[in-house]
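**Student:** Start counting the sequence shown at 127; every next residue gets the next number (the numbering used here).
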Amino acid sequence: MNPLKAILECLEWLLRGQDRDNRTDTEPEPEEPEEPEPLEALDLESDDQQQAGQSHHSGVRIRAEQDLEGLECRISDQTSGLVMAYLKDGGGDILERRSIDTLEAGDTFTFTTPLEAGKGYQVVCAAGGAPYDRGRSHVEYPIKSEVLVATAGIYTGGGTETTRYCYNIDQIRPLRSVEEDQPQVALGAVKPSDPMPDYHSATGLEATRGENCYVVDDPAGGDEKVLEVFYPEEEILGINERVYLENAVGYEPKVVHGRYEIFFPETFEIRQGYHHGGTKLPGVADHRGDPPDNEGGGAGGVRNPGSYSDRKFASSRDGLYNETVGADIPINSQVYDATYDPRKHPYGWHHCWSKGVNKGSWYTIDYRTVLNTPGESDGRILGWINGELAFDSDELAKEDDEFDGYLFLEEKFAERGIPYWRRHYHYGGEWGSPKDQSLYERNLSIWVDDNVPEM
127 MNPLKAILEC LEWLLRGQDR DNRTDTEPEP EEPEEPEPLE ALDLESDDQQ QAGQSHHSGV
187 RIRAEQDLEG LECRISDQTS GLVMAYLKDG GGDILERRSI DTLEAGDTFT FTTPLEAGKG
247 YQVVCAAGGA PYDRGRSHVE YPIKSEVLVA TAGIYTGGGT ETTRYCYNID QIRPLRSVEE
307 DQPQVALGAV KPSDPMPDYH SATGLEATRG ENCYVVDDPA GGDEKVLEVF YPEEEILGIN
367 ERVYLENAVG YEPKVVHGRY EIFFPETFEI RQGYHHGGTK LPGVADHRGD PPDNEGGGAG
427 GVRNPGSYSD RKFASSRDGL YNETVGADIP INSQVYDATY DPRKHPYGWH HCWSKGVNKG
487 SWYTIDYRTV LNTPGESDGR ILGWINGELA FDSDELAKED DEFDGYLFLE EKFAERGIPY
547 WRRHYHYGGE WGSPKDQSLY ERNLSIWVDD NVPEM
């Protein structure tokens, strides 16, 4: 090769490399997009009054002036005892629920349901029909921010409005976006595969109006607060509180699936040698009866048309209602419906579960009630302990000649659903606790109708 030509080719190659280096040096680095400025919060007035003993859905009606991806809401300073927050559409249908019983005044919670420009919404809170302390501020509507307008206060579940007051919430911050991979809100005893509960109370705060009920530290040493149910010696009443389902989920459902965790201390005593010797446990009920002449019923050995109850009870190991193998405390269903014969079963059906619980550990109890076709004995109850099936009334009906299925609703009451979850912790029967003692509950979740979890 010609030496001159070789030198020229070498110089050309070096110059091309230099050009590449120069281009790399001069290319601007891509700029990171600027974070958009947060949207202006809608500031409502600070509370000037605390209204004790309120139970209704209360909050504020708003209108979105542009499309939004969610809301961050702050609990007002004189509000306490709330369990659930709801985002509703303008007509009052629930779009999203949030469990807030572990939050206090000044804490915030977030809704991640998108809001459409020009549409109205309700932001309200309540405690499942139980009393709470409602913060109230005197305001003049409308109250405007950059993209939100508050147009009225709301003070009932039906959306009754006031143009003078705002309740429970003192600030709403509109959100431009929420994380696409935002996880489901973590709720105790709710699995990631479960649907979001229609109602959830981690601590049982709404039951503490009962004089024997307290929110306390976990007796097993966990980090979370739990509900203590105290039984004084020789007394029957632990607590008898209710979650009113029309308040909690918006209507009376036909199917209710309740889940809660329960803890019996090592020192807890069940009276041995009695028919069942133990304590009532929660379930569903309807004690309305058939007014005006046959009100009530579904408890205490009395069942009137239009009433029923479906609760559990813990029994003694030597009693009549123990079909478990080795459990410290057998679990059973006590059911007042239209099919039991009060001459044979004066206190309703007592149906044994195949599993029980042991003292000194937390157990998860799932309990599902399916109302019957009105007038037909095709109602159903299922129960699980720690996720394992322990009772199915359909299977019992195949084996028990006396029992065909439950009839909760007569035809006359076909329009009714299940009105409440009864948080019923009585000791007895009529015998009372043998000593001062407590059991503990945490993480009550309630699902209804088509939203129940797969088990």
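C-beta atoms are modelled at their ideal positions from N, C-alpha and C, and glycine is treated no differently.
Excluding sequence positions up to five away, which residues of its chain have a Cβ less than 7 angstroms from the Cβ of Phe-390?
**Tutor:** The beta carbon of Phe-390 is closer than 7 angstroms to those of Ile-455, Val-483, Lys-485, Leu-565 in its chain, skipping five residues each way along the sequence.
**Student:** Nearest by alpha-carbon distance to Arg-189: which of Val-273, Pro-358, His-182, Asp-203 is it?
**Tutor:** Val-273
**Student:** If you drop the 5 nearest sequence neighbours on each side, which residues of the same chain put their C-beta closer than 7 angstroms to that of Thr-289?
**Tutor:** So the list reads Tyr-267, Ala-278, once near-sequence residues are dropped.
**Student:** Please name the residue in Tyr-258, Gly-426, Ile-507 whose C-alpha comes closest to that of Cys-478.
**Tutor:** It is Ile-507.
**Student:** With three or more C-beta pairs closer than 8 angstroms as the rule, is the region 532-546 touching the region 428-448?
**Tutor:** Pairwise C-beta distances place the region 428-448 in contact with the region 532-546, as three or more of them are shorter than 8 angstroms.
**Student:** Residues in the same chain with beta-carbon distance under 8 angstroms from Asn-430, minus the five sequence neighbours each way, listed in chain order, please.
**Tutor:** Setting aside the 5 residues that flank it on each side, Asn-430 is surrounded in the same chain by Gly-415, Asp-416, Asn-420, Glu-421, Gly-422, Gly-423, Gly-424, each with a C-beta closer than 8 angstroms to its C-beta; the list follows chain order.
**Student:** Could you pull out every residue in the same chain whose Cβ sits closer than 8 angstroms to the Cβ of Pro-240, ignoring the five residues on either side in sequence?
**Tutor:** Asp-193, Leu-194, Glu-195, Gly-196
**Student:** Please list the terminal residues of the continuous alpha helix (DSSP H) segment that includes Asp-296.
**Tutor:** Not the alpha helix (DSSP H): Asp-296 falls in the beta strand (DSSP E), residues 295-301.
**Student:** According to the Cβ coordinates, are Ser-327 and Glu-166 closer than 9 angstroms?
**Tutor:** no
**Student:** Applying the criterion that 16 or more other CB atoms from any shown protein chain within 10 Å of the CB defines a buried residue, is His-264 buried or exposed?
**Tutor:** exposed
**Student:** Give me, in chain order, the residues of the same chain whose beta-carbon lies closer than 7 angstroms to that of Asp-344; leave out the 5 immediate sequence neighbours on both sides.
**Tutor:** Glu-350, Val-352
**Student:** Going by C-alpha distance, which of Met-322, Ala-256, Thr-234 is nearest Val-578?
**Tutor:** Ranking Met-322, Ala-256, Thr-234 by Cα distance to Val-578 puts Met-322 first.
**Student:** Let me know the beta strand (DSSP E) ranges lying completely inside the region 241-281, each 3 residues or longer, listed in chain order.
**Tutor:** Counting whole runs of 3 or more residues, the region 241-281 contains the beta strand (DSSP E) stretches 246-252, 258-264, 274-280.
**Student:** Exposed or buried, which one is Asp-412 when buried takes at least 16 other CB atoms within 10 Å?
**Tutor:** buried
**Student:** By the 10 Å Cβ neighbour count, where 16 or more other Cβ atoms means buried, how is Ala-346 classified, buried or exposed?
**Tutor:** exposed
**Student:** Roughly how many angstroms separate the alpha carbons of Ala-523 and Phe-529, rounded to a whole number?
**Tutor:** 5 angstroms
**Student:** Helix, strand or coil for Ser-459 per DSSP?
**Tutor:** strand
**Student:** Taking contact to mean at least 3 C-beta pairs separated by less than 8 angstroms, is the region 169-181 in contact with the region 212-219?
**Tutor:** Taking a contact to require three or more Cβ pairs closer than 8 angstroms, the region 169-181 and the region 212-219 do not qualify as touching.
**Student:** Just how far apart, CA to CA, sit Glu-91 and Glu-354?
**Tutor:** With the chain covering only 127 through 581, there is no way to say anything about residue 91.
**Student:** Would you call the region 367-384 and the region 548-565 in contact, with 3 or more CB pairs under 8 angstroms?
**Tutor:** yes
**Student:** Any idea what DSSP makes of Val-375, helix, strand or coil?
**Tutor:** helix
**Student:** Consult DSSP for Lys-561 and reduce its assignment to one of helix, strand or coil.
**Tutor:** coil
**Student:** Quick check: the Cα distance between Gly-254 and Thr-228, rounded to an integer number of angstroms?
**Tutor:** 15 angstroms
**Student:** Does the distance from the CB of Asp-626 to the CB of Gly-513 come in under 9 angstroms?
**Tutor:** Since the displayed the chain opens at 127 and closes at 581, residue 626 lies outside it and no answer follows.
**Student:** Tell me which same chain residues have a C-beta within less than 7 angstroms of the C-beta of Glu-306, skipping the five on either side of it?
**Tutor:** Summary for Glu-306: the model assigns pLDDT 44, below 50, so the residue's position carries little reliability; its value from the coordinates is reported in the next sentence. Within the same chain, Glu-306 has no close Cβ partners at all.
**Student:** Can you tell me whether DSSP reads Glu-166 as helix, strand or coil?
**Tutor:** Glu-166 falls in the coil class under three-state DSSP.
**Student:** How many angstroms separate the CA atom of Asp-467 from the CA atom of Gly-261?
**Tutor:** 50 angstroms
**Student:** If you drop the 5 nearest sequence neighbours on each side, which residues of the same chain put their C-beta closer than 8 angstroms to that of Glu-537?
**Tutor:** Pro-500, Gly-501
**Student:** Going by alpha carbons, who is nearest to Thr-495 out of Trp-510, Cys-292, Trp-488, Glu-332?
**Tutor:** Trp-510
**Student:** What ranges does the alpha helix (DSSP H) occupy inside the region 509-565, keeping only unbroken runs of at least 4 residues that lie completely in it?
**Tutor:** List check, alpha helix (DSSP H) in window: 519-525.
**Student:** Does the separation of the CB atoms of Arg-443 and Ile-388 fall below 9 angstroms?
**Tutor:** no
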